[in-house]
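Working notes for the structure below.
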Amino acid sequence: MSNGDEEPDAEKTEAAEGSSEPPEPADPEPFAERLDDAADAVDRAETEDDLDRVETTLDEIEADLEDAVFAVEIEDEPEEAEEDEADEAEEDEDEAEESEEANPRDEFEDRLDDLRADVEDQRGPYRQDITDALDDAVSTIEDSEWTKEGADSVVDAVGKYVERAGDTLEETFAYDAETPADAAMALASVKDAVNETPLDPDDDAGTIDALLVAAENLSSDLDDAQVWSDLEVREQLRREGFYDVLDPETRKDFPPEWSAIKLYEKAGEFEPILSAMEKLDSDFMEDNILDSIEHEAPAAAYEPVHALAQRRNKQPVRILGRIGDERACDTLADFLGGGDVALEQVSLRALGAIGSEESTEPVAQRLAADDPSIRSAAARALGMIGDTRAIEPLGDVLDEDEDDSVRASAAWALTQIGTERALETAAEHADDRSYIVQVKAEKAAGV
């Protein structure tokens with residue numbers, strides 16, 4: 001019986017040490033031969049099934065390669081400490097030479113990658129390659145802004161593809177497109193027809209190839225068709241007829257775009273002005289265009305003006321208020337409390353002009369701002385919005401604010417809301433100590 005202090009059995013120790021024998025190194029030659037055979041099989045492959053078999057072979061080689069251990073990867077047994085210096089020096093030289101020996105695994109893995117790439121290159125083309133190309137063509141047609149010449153080229157290019165597809169599939173596709181939009185619809189119909197046609201990558205390789213080449217030619221024709229961005233800005237405006245409003249005398253003014261914008265503003269025609277706004281990028285023209293549209297503030301100006309307002313420019317913010325589109329409210333609310341007093345005042349007035357009750361809460365929060373001009377602007381904005389939820393906070397301002405101009409704005413706002421409760425709240429201050437507050441309160445009281 002062991003008392004727990006005995007030495008381990010010597011035989012067991014030797015057996016354990018024997019279990020750590022290095023593995024038998026794999027012979028690289030069979031791997032090289034199998035990869036050579038796989039390369040030949042890739043060259044001979046004529047069908048998808050042939051390529052599938054090659055891929056299976058490559059998977060098997062890869063699995064065996066992962067299990068293999070080559071001689072260069074096996075570490076030598078450590079030398080005993082008693083070796084003399086000469087033996088150690090000789091061993092160091094041997095190890096240095098061995099470390100420079102190439103590992104065949106690297107070469108085999110590279111060859112596997114190359115063969116897999118060769119297999120993929122030989123696959124297809126497939127029916128989906130055609131439909132993907134046609135999807136791209138439809139998107140290009142729908143998303144591009146074509147010039148007159150470009151639109152005609154698009155219609156012609158799609159017509160050629162439709163005819164070629166009909167000949168290849170032995171079908172008749174109707175085509176009477178007159179615009180790029182019509183052409184896109186016709187091309188989408190042909191794509192659906194191709195998608196419903198059973199095309200085997202082996203048996204119908206010729207048909208697939210012909211349709212794919214035709215689709216690639218269509219893509220090339222669309223790339224060559226003229227879009228507006230291919231033209232200089234003034235050429236774009238000229239083709240749109242932007243300068244037609246000018247007579248020989250006004251054409252002499254510089255820049256002519258400024259003269260044209262003034263004439264369009266006078267005539268109340270804002271579509272040409274907005275078109276120029278999208279194309280002209282000088283600060284001078286931007287300022288003049290904003291001046292032209294600010295008074296009328298047409299609804300069509302919302303998108304470009306909103307984009308400019310996001311730069312925190314005050315004039316576009318002011319114009320958004322005049323346009324009155326509630327989509328601007330979130331953007332304008334983001335400008336509240338940012339530290340720019342002038343921008344915040346303009347934003348509050350714009351929110352009041354838009355009049356969306358969804359803005360009541362963020363505007364009411366600014367009644368507590370440190371700057372009295374902001375508190376006053378917030379109060380007046382609440383009056384313009386007209387939400388009865390603002391009556392109580394406006395009444396508190398009227399009772400408690402230290403600035404008489406802010407209190408007068410609150411009284412004015414309550415009068416604007418105009419409900420009985422709002423008027424009564426304001427009328428309570430008809431004899432206020434401040435004359436400006438008293439005047440607003442008396443109006444609410446009907447005095």
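For the sequence shown, the positions run 1 to 447 when the numbering used here is used. Where a beta carbon is used, it is the ideal one built from N, C-alpha and C, also for glycine.
The three-state reading of DSSP puts valine 69 in coil, since its state is none of H, G, I, E or B. Under the Cβ criterion (8 Å, minimum of three pairs), the segment 312 to 331 counts as touching the segment 354 to 366. Distance between aspartate 143 and alanine 181, taken at the CA atoms: about 10 Å.
Rounded to the nearest whole angstrom, the CA to CA distance from leucine 51 to aspartate 114 is 14 Å.
Rounded to whole angstroms, the separation of the alpha carbons of leucine 35 and arginine 111 is 7 Å. Rounded to whole angstroms, the Cβ separation of alanine 422 and lysine 440 is 12 Å, and the two are not in contact under 8 Å. In the DSSP annotation of this structure, the continuous segment of the alpha helix (DSSP H) that includes phenylalanine 108 starts and ends at 104 to 122.
For the pair leucine 394 and threonine 360, the CB atoms are not nearer than the 8 Å cut-off. Here glutamate 257 is buried, its C-beta having at least 16 other C-beta atoms within 10 Å.
Take threonine 168, set aside five residues on each side of it, and the residues of its chain with a beta-carbon closer than 7 Å to its own are Thr207, Ala210, Leu211, in chain order. Inter-segment contact for the segment 233 to 242 and the segment 190 to 208 is absent: fewer than three beta-carbon pairs are separated by less than 8 Å. In the DSSP assignment, glycine 355 falls outside any alpha helix (DSSP H) and carries neither an H nor an E. When DSSP assignments are scanned along the segment 228 to 296, the uninterrupted stretches of alpha helix (DSSP H) that are 4 or more residues long and fall wholly within it turn out to be 233 to 240, 256 to 267, 271 to 279, 283 to 294.
Apart from the 5 residues on each side of it in sequence, leucine 308 sits with its Cβ closer than 7 Å to the Cβ of Pro316 in its chain, given in chain order. Your pair threonine 415 and threonine 388 does not check out as a contact, with CB atoms roughly 13 Å apart and the cut at 8 Å.
Between the alpha carbons of valine 346 and valine 363 lies a gap of roughly 12 Å.
Counting other Cβ atoms within 10 Å of its Cβ, phenylalanine 31 reaches 16 or more and is therefore classed as buried. For tryptophan 146, the pairing in a beta bridge is given by DSSP as Val227.
Counting only the Cα atoms, aspartate 432 lies some 11 Å from alanine 411. Around the beta carbon of tyrosine 435, a 10 Å sphere encloses fewer than 16 other beta carbons of the protein chains shown; the residue is thus reported as exposed. As the crow flies, the alpha-carbon of alanine 102 is around 32 Å from that of alanine 45. If you look at leucine 398, you'll find it in the alpha helix (DSSP H) that goes 391 to 400. Three or more beta-carbon pairs drawn from the segment 263 to 278 and the segment 288 to 299 are found closer than 8 Å, and the two stretches are therefore classed as touching. Distances from the CA of glutamate 120 to each of Asp43, Ile61, Val69, Phe108 were compared; the closest alpha carbon is that of Asp43.
Going by beta carbons, alanine 157 and alanine 225 fall inside the 8 Å limit. Nearest Cα to isoleucine 61 within the set Trp146, Thr47, Pro28, Ala174: Pro28. In this model, alanine 260 and valine 227 are separated by some 24 Å (Cα to Cα). Between alanine 214 and tyrosine 175, the gap from beta carbon to beta carbon reaches 8 Å or more. Each of Leu231, Ile323, Phe108, Glu48 was checked against the Cα of alanine 68, and the nearest Cα belongs to Phe108. Sorting Lys262, Ala267, Leu280 by C-alpha distance to the C-alpha of leucine 237 places Leu280 at the top. The segment 403 to 432 contains, as complete alpha helix (DSSP H) runs of 4+ residues, the segments 404 to 417, 420 to 427 (chain order).
Around alanine 377, the same chain offers Gln345, Leu348 as residues with beta carbons nearer than 6 Å, after the five sequence neighbours per side are excluded. Taking 3 residues as the minimum length, the segment 157 to 181 contains no beta strand (DSSP E) run wholly inside it. Taken atom to atom, the span from the alpha-carbon of arginine 322 to that of tyrosine 302 is near 10 Å.
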